[in-house]
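A quick write-up on the structure given underneath.
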Amino acid sequence: MNQFSNDFIREIPKTDLHVHLDGSLRLSTLISLAKDRGIELPSFTEEGLRELVFKPSYKNLEEYLTGFTWTGKVLQDAEALEQAAGELARDNFAEGVRYLEVRFAPQLHMHRNFTFEQVITAVDQGLRRARNEINGSLKEPEPPFEYGIILCAMRFFNSQFSRYYRDFTAVHPYSTPLEIIQMAGQELAKAAVKLQTESDIQLVAFDLAGSEHGYPASAHQEAYNYITKNFMRKTVHAGEAYGPESIFQAITDLHADRIGHGLHLFDADMIKNTPAQGKKNYVENLVNYIAENRITVEVCLTSNLQTAPHITDIRAHSFRNMLAKNLSVTLCTDNRLVSRTTICNEYRLALDNFDIAPGKLKDLVTYGFKRSFYYHSYTEKRKYVRKMLDYYESLEKKHGIR
Ligand SMILES: [Zn+2]
Numbered sequence: 012m013n014q015f016s017n018d019f020i021r022e023i024p025k026t027d028l029h030v031h032l033d034g035s036l037r038l039s040t041l042i043s044l045a046k047d048r049g050i051e052l053p054s055f056t057e058e059g060l061r062e063l064v065f066k067p068s069y070k071n072l073e074e075y076l077t078g079f080t081w082t083g084k085v086l087q088d089a090e091a092l093e094q095a096a097g098e099l100a101r102d103n104f105a106e107g108v109r110y111l112e113v114r115f116a117p118q119l120h121m122h123r124n125f126t127f128e129q130v131i132t133a134v135d136q137g138l139r140r141a142r143n144e145i146n147g148s149l150k151e152p153e154p155p156f157e158y159g160i161i162l163c164a165m166r167f168f169n170s171q172f173s174r175y176y177r178d179f180t181a182v183h184p185y186s187t188p189l190e191i192i193q194m195a196g197q198e199l200a201k202a203a204v205k206l207q208t209e210s211d212i213q214l215v216a217f218d219l220a221g222s223e224h225g226y227p228a229s230a231h232q233e234a235y236n237y238i239t240k241n242f243m244r245k246t247v248h249a250g251e252a253y254g255p256e257s258i259f260q261a262i263t264d265l266h267a268d269r270i271g272h273g274l275h276l277f278d279a280d281m282i283k284n285t286p287a288q289g290k291k292n293y294v295e296n297l298v299n300y301i302a303e304n305r306i307t308v309e310v311c312l313t314s315n316l317q318t319a320p321h322i323t324d325i326r327a328h329s330f331r332n333m334l335a336k337n338l339s340v341t342l343c344t345d346n347r348l349v350s351r352t353t354i355c356n357e358y359r360l361a362l363d364n365f366d367i368a369p370g371k372l373k374d375l376v377t378y379g380f381k382r383s384f385y386y387h388s389y390t391e392k393r394k395y396v397r398k399m400l401d402y403y404e405s406l407e408k409k410h411g412i413r
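For what it's worth, our numbering labels the leading residue of the sequence shown as 12, then goes sequentially.
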């Protein structure tokens, strides 16, 4: 135990910039939504589902992903999405999260009677209502709660993934699977830009999620170019199951502002094509580039331990190296239900297993706010961040942190 009490961790203003809506449902909500919609689940009790699906640890990534099959089935209408989004905001706020960026892949929820616009509107409504309710109950000098929505394109899908993907695949019989994936990404990018321009929905960024192996980021260059040219911001899941080259591609091909996971950033032996500068130099240069440009790494400790079972000791996680190299990093949950974690739990894990002095902790928290894809203007963002830091410092005093 260190000087950071659980109360301090809970009270300090925090962000969660990497959390998947469909991986973060309340278990009780999954059960009630399934019951109301006549959807079969492997069990209808929380204990049963924890034993069969949402486990403390998983054999491999496939087993980890099983949970999404069930949450995906219940999130196919506006009411369900709005409820899930609202509860996610409230649960986060209860843990001291003041800024939340929720991500999901709209094409997993769309079908003929449920359009892109309806999907996003439902999620925005849920978050918006929760935010207004939360902020209406705050007392000065407590800083307000705010949110943003990130849309995920998929590196990989097949026609089984959703009704939309089934239809999309069916109408492109002359295209290869990779071409179909590419086109779906471009379609999503266009939809995102259109909605961002024409509505006040708090859409802030574009993401690329899903299996990295065999599905390179370069396939999504065109979609990301379109996003960049329309001033939307970008994050990319990279280096989660694949080495430094995947992170390199995310930065050079897709111009990522942030990297999801980046777990294998330092693993030179995972490089497939030896670069001219040599593997060791390549990693060093890549790390320096990321640090220098403040490309922020969204670190998800629990999730990584579950999907990369070869990391048997959390202290061997590359987070240690990221801290040592002064990268801009922020702690995130990834999937609250599937990973059985909370943001407070992620901070507890980090503080108990890595050498983090009070100043460093404050930096970590600050990176989250500063490198968020805040919806409002940069001037407003600066004021917002300042308010967070003032509040943070008052809590340091209250808890005697020095
Ligand atoms: Zn993720």
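Quick reminder that beta carbons are idealized off the backbone N, C-alpha and C, glycines included.
Quick caveat, the model's predicted, so the values are computed rather than measured.
Taking 7 Å as the cut-off, is the C-beta of Ala220 nearer than that to any heavy atom in ligand 1?
For ligand 1, at least one heavy atom lies less than 7 Å from the Cβ of Ala220.
Are Ser329 and Leu400 touching if we call contact CB-CB under 8 Å?
No; because the gap between Cβ atoms is not below 8 Å, this pair is not in contact.
Compare the beta carbon distance of Phe104 and Asp33 with 8 Å and say whether it is the shorter of the two.
No, the pair does not count as a contact, with Cβ atoms beyond the cut-off.
In whole angstroms, give me the CA-to-CA distance for Ser339 and Glu309.
Going by the C-alpha atoms only, they are around 9 Å apart.
Between the beta-carbon of Ala252 and the beta-carbon of His231, is there less than 8 Å?
Their beta carbons are not under 8 Å apart, which means Ala252 does not touch His231 by this criterion.
With distances taken Cα to Cα, identify the nearest neighbour of Asp47 among Leu38, Ala96 and Val85.
Measuring from the Cα of Asp47, the nearest candidate turns out to be Val85.
Does the segment 59-76 come close enough to the segment 308-327 that 3 or more CB-CB pairs lie under 8 Å?
Yes: at least three Cβ pairs fall under 8 Å.
How big is the Cα-Cα spacing for Lys201 and Ala234?
Between Lys201 and Ala234, the C-alpha separation is close to 8 Å.
Can you name the start and end residues of the alpha helix (DSSP H) that Thr313 belongs to?
It spans Leu312 to Thr318 - the alpha helix (DSSP H) in which Thr313 sits, taken as one unbroken run.
Name the two residues that bound the continuous beta strand (DSSP E) containing Arg244.
Looking at the DSSP string, the run of the beta strand (DSSP E) that includes Arg244 is Arg244 to Ala249.
With a CB to CB cut of under 7 Å and the five nearest residues on each side skipped, what residues in its chain are close to Phe167?
Only Ile192, Gly221, Ser222 and Tyr226 meet the Cβ criterion.
Where does Val182 land, buried or exposed, given buried means 16+ other C-beta within 10 angstroms?
Flag for Val182 reads exposed.
Using only the heavy atoms of ligand 1, determine whether one of them is closer than 7 Å to the beta carbon of Gly78.
Not under cutoff, so the answer is no.
Would you say Phe65 and Leu348 are within 8 Å of each other, going by their C-beta atoms?
Against a cut-off of 8 Å, the Cβ pair of Leu348 and Phe65 comes out as a contact.
Taking only heavy atoms of ligand 1 into account, decide whether any of them is closer than 7 Å to the Cβ of Asp345.
Because some heavy atom of ligand 1 lies under 7 Å away, the Cβ of Asp345 counts as near it: yes.
Does the distance from the C-beta atom of Val113 to that of Ile160 stay below 8 Å?
Result yes, Cβ atoms of Val113 and Ile160 sit closer than 8 Å.
Mapping DSSP to helix, strand and coil, what is Cys343?
The answer is coil: DSSP assigns Cys343 none of H, G, I, E or B.
Check Glu309 in the structure and name its three-state DSSP category.
Reduced to three states, the DSSP call for Glu309 is strand.
Figure out for me which residue from Gln213, Ser314 and Phe384 has the closest Cα to the Cα of Arg142.
Closest by alpha carbon: Gln213.
Which of the three DSSP states, helix, strand or coil, is assigned to Met121?
Correct three-state label for Met121: coil.
Can you look up Val298 in the DSSP assignment and give me helix, strand or coil?
The answer is helix: DSSP assigns Val298 an H, G or I state.
Span of the alpha helix (DSSP H) holding Thr80?
Unbroken alpha helix (DSSP H) run through Thr80: Leu72 to Val85.
Under the assumption that Asp218 contacts Leu162 (Cβ atoms under 8 Å), give the Cβ distance between them as a whole number of angstroms.
About 7 Å separates the two Cβ atoms, so the contact holds.
With a Cβ-Cβ cutoff of 8 Å, do His29 and Cys343 count as a contact?
Against a cut-off of 8 Å, the Cβ pair of Cys343 and His29 comes out as a contact.
By the 10 Å Cβ neighbour count, where 16 or more other Cβ atoms means buried, how is Pro154 classified, buried or exposed?
Pro154 should be labelled buried.
If I follow the unbroken beta strand (DSSP E) through Gly159, where does it start and stop?
Looking at the DSSP string, the run of the beta strand (DSSP E) that includes Gly159 is Glu157 to Met165.
Can you check which of these residues, His272, Leu36, Gly147 and Glu391, is closest to Pro444 by C-alpha distance?
Nothing about residue 444 can be reported from this structure: the residues present for the chain run from 12 to 413 only.
Within its chain, find whatever has a CB closer than 7 Å to the CB of Ile258; leave out the 5 residues flanking it on each side and keep chain order.
Around Ile258: Ala249, Gly250, Ile270, Gly273, Leu276 and Leu297.
Quick one: residues in its chain with C-beta nearer than 6 Å to the C-beta of Leu63, no 5 flanking neighbours on either side, listed in chain order?
Closer than 6 Å at the Cβ level, and outside the excluded window around Leu63, lie Pro53 and Ser54.
Considering Asp27, what are the terminal residues of the beta strand (DSSP E) in which it resides?
Looking at the DSSP string, the run of the beta strand (DSSP E) that includes Asp27 is Lys25 to His31.
Return yes when at least one heavy atom of ligand 1 lies under 7 Å from the C-beta of His248, else no.
Checking the Cβ of His248 against ligand 1 gives yes.
Quick check on DSSP: helix, strand or coil for Val182?
Coil, per DSSP.
Measure the alpha-carbon distance for Asp211 versus Gly147 and round it to whole angstroms.
Roughly 20 Å separates the two Cα atoms.
To the nearest angstrom, how far is the alpha carbon of Met281 from that of Tyr300?
Straight-line Cα distance between these residues: approximately 19 Å.
In terms of alpha-carbon separation, which member of Leu119, Lys373 and Ser229 lies closest to Arg443?
It is not possible to answer for residue 443, since the shown part of the chain is limited to 12 through 413.
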